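The sequence shown begins at 0 in my numbering and counts up one residue at a time.
Beta carbons: idealized from backbone N, C-alpha and C, even for Gly.
This one's a predicted model, so the numbers in the text were calculated from it and none came from an experiment.
Shown next, in structure tokens, is the structure this report addresses.
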Amino acid sequence: MTSQAYTRYNRTKSAIMMSLCWIFTAAIIGILVVVTWYLISIGYKSVSWAFFTQDPIPQGMSGFPGGMRNGLVGTGILVGLASLVGIPVGMLTGIYLSEYGANSWLSGPVRFTSDVLAGVPSIVVGVLGYELVVVPVGHYSAWAGAMALAFIMVPIVARTSEEMLRLVPSSYREASIALGATKARTILRVVIPSATGSLITGIMLAIARVAGETAPLLFTAFESSYLEKDPSHPFPSLTVMIYKKAIMPSPQEHQLAWAGILVLISLIFVLNLMIRFVVRSRQMA
């Protein structure tokens, strides 16, 4: 084969592969557009002011089926409680693996455990939360639900934090230590600020992940038809309410479930936009 023929062959092969990439990219975008349009076309009919301001109303009563205010507020509280535990523990684990784990025998098992926990199905986490928290206490509660969600958050935040901190150049650390700073001060004042944007990205991805979980909450927080504020009681969440409404026989409740799905997807979409905005702002700063 001559050099010109070989060049034409490589160009043809490159063009074919590029065309395949464009085709599959367009297919993925098309699927996303179809699914999004389908959710909007069905769910928007039931998204009203009452959806955000009313709790569910039993069938046969005036105003049926009501809204999902309690689920929206409950999800926010559950995610907030989970973040209070999951984010600090995950961050500290990631800092240990990145900054102290190079010469420690413990780093290997911790990293392996984090990888395994990140792949554990959420329903397994729910069953463990039920056995370890709900059964000893004797009832469902928001505390049990938050612990289950935090269990899911920790490995995600830990592994993301480790990888992002490793991207900080070693010269930053060396310059700080050369100026007399301790290792701890170097981490707090130099390493973490240099990776703030990436760390925030990992944290918000973990929050977006747990905000859409249903199975762990079915076994731990369960549900409530009211706007509950006491974490020691069974607690409402948007995902569990969607599941409950979807299996009900009433068409009105099905419509409410579709509205809940649309609102949940919209919240996750907004959260991901915030991630992009924060990362871009940090890169431009």
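- Going by beta carbons, Val119 and Ala214 fall outside the 9 Å limit.
- Under the three-pair Cβ rule at 8 Å, the region 148 to 163 counts as touching the region 199 to 210.
- Under the three-state reduction of DSSP output, Pro215 falls in the helix class.
- For the pair Ile94 and Leu204, the CB atoms are not nearer than the 9 Å cut-off.
- Counting only runs of 4 or more residues that sit fully inside the region 46 to 111, the alpha helix (DSSP H) segments are 48 to 52 and 68 to 94, in chain order.
- Annotated three-state conformation of Leu178 is coil, per DSSP.
- Residue nearest to Ser97 within the set Thr112, Val190 and Val133 is Val190 (criterion: CA-CA distance).
- Per DSSP, the unbroken alpha helix (DSSP H) holding Arg10 starts and ends at Ser2 to Gly42.
- Nearest Cα to Ser223 within the set Leu71, Glu161 and Met273: Leu71.
- Three or more beta-carbon pairs separated by less than 8 Å link the region 226 to 244 to the region 134 to 150, which places the two stretches in contact.
- Distance from the CA atom of Pro64 to the CA atom of Gly42, rounded to whole angstroms, is 14 Å.
- Segment contact: the region 102 to 114 against the region 168 to 175, fewer than three CB-CB distances shorter than 8 Å; contact not assigned.
- A distance below 6 Å between beta-carbons, with the five flanking residues on each side excluded, links Glu161 to the following residues of its chain, in chain order: Gly93, Leu96 and Ser97.
- Note that the C-beta distance between Val262 and Val46 is below 9 Å.
- Between Gly201 and Ser280, the C-beta gap is not smaller than 9 Å, which leaves the two residues out of contact.
- When the beta-carbon positions are compared, Gly73 and Leu226 come within less than 9 Å of each other.
- Here the C-alpha atom of Ser121 lies approximately 46 Å from the C-alpha atom of Gly179.
- For Ile28, the number of other beta carbons within 10 angstroms of its own is below 16, and it is reported as exposed.
- If you check the CB distance, Ile76 and Phe221 do not come in under 9 Å.
- In the same chain as Gln53, and ignoring 5 residues on each side of it, the C-beta atoms closer than 8 Å to its own belong to Gly62, Gly65, Gly66 and Arg68, in chain order.
- Per DSSP, the unbroken alpha helix (DSSP H) holding Met152 starts and ends at Ala141 to Arg165.
- Excluding sequence positions up to five before and after His253, its CB lies within less than 8 Å of the CB of Lys244, Ala245 and Met247, all in the same chain and listed in chain order.
- Annotation: the continuous alpha helix (DSSP H) that includes Gly125 extends over Ser121 to Gly128.
- By the neighbour-count criterion, in which a residue is buried when 16 or more other Cβ atoms sit within 10 angstroms of its Cβ, Ala25 is exposed.
- Every alpha helix (DSSP H) stretch that sits fully inside the region 220 to 272 and reaches 4 residues is listed by chain position as 237 to 245.
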